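Start counting the sequence shown at 1; every next residue gets the next number (UniProt numbering).
Note that CB positions come from ideal geometry on N, CA and C, so glycine has one too.
Keep in mind it's a predicted model, so treat the numbers as computed, not measured.
The block underneath contains the structure these notes are about, expressed in structure tokens.
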Amino acid sequence: MQTNQIIQSLIDNQIVSINLEKPFRYASGILSPIYTDFRLTISIPSLRDMIADGLAENIKKNYPDATVIGGVATAGIPHAAWVAERLDLPLIYVRAKPKDHGAGKQIEGRITKDDKVVLIDDLISTGGSVLGAVKAVRNEGVNVIGVASVFTYGLPDADKNFADADTKLVPLLSYADLIAQGHKENKFSDEQYSRLSTWHKAPWDWTKREEANAK
């Protein structure tokens, strides 16, 4: 799997940025050393091909019984389409909420109660959106055997939410992978790597420390 090349392309194309000196403020109020915009990946053919190949490989390895690939609206849909093509499997996509007109569908495409669905999203923070899609598919009486993602921050809230939903998550890349590669390539000092490593384990504590240090 070309994970190192994918990470390098994410950095080169400014899809992922790391900044310890000027951390990014999320809408939740958390300070973070990482900023991501994974929607940009769909505009870079070489990168999106590597991602699709990696996701397809992960699904074949971890979900060999999958019969349908599903995309989570909106960012997961293009990745799911490319993966479904590689695996020669049917494609569905799941809206954030049911349509307010017509048949009021939330799930587009054809599935049956005998199917085993893998849902794909681009980015996992707390997992709320993709787990909402998991619930929507399961409410139709269809088996969701797991989730695949391009990237996860590896936050404790996500771990808890996936466990509570009894749903397996297989990410292609993680925040830990990203900073480990940067450290290996001497882009971060040992001290910087140590600071970066603590963020995703306890982001609110990290925020408090950074705010205190900035005073």
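Ranked by how close their Cα comes to the Cα of Arg95, the residues Ala133, Arg110, Phe162 have Ala133 in first place. Excluding residues up to 5 positions away in sequence, Val94, Gln106 lie with their Cβ nearer than 6 angstroms to the Cβ of Ala136 in the same chain. In summary, Trp82 is buried, with 16 or more beta-carbon neighbours lying within 10 Å of its beta-carbon over all protein chains present.
Nearest C-alpha to Ile111 among Ser32, Lys160, Lys184, Thr67: Thr67.
In the structure shown, the three-state DSSP call for Asp157 is helix. Excluding five sequence positions before and after Ile59, the CB atoms of its chain that fall closer than 8 angstroms to its own CB belong to Ala66, Ile69, Val83, Leu87, Val118, Ala148, Val170, given in chain order. Taken through DSSP and simplified to helix, strand or coil, Glu108 comes out as strand. Look at the beta carbons and you see the stretch 35–47 touching the stretch 14–23: at least three pairs across the two are nearer than 8 angstroms. Bounds of any alpha helix (DSSP H) do not take in Asp114, whose DSSP letter is neither H nor E. Taken in chain order, the complete alpha helix (DSSP H) segments of 4 residues or longer contained in the stretch 12–62 are 45–62.
Annotation: the continuous alpha helix (DSSP H) that includes Gly182 extends over 175–184. Closest in alpha carbon position to Asp122, among Gln5, Leu10, Asn4, is Leu10.
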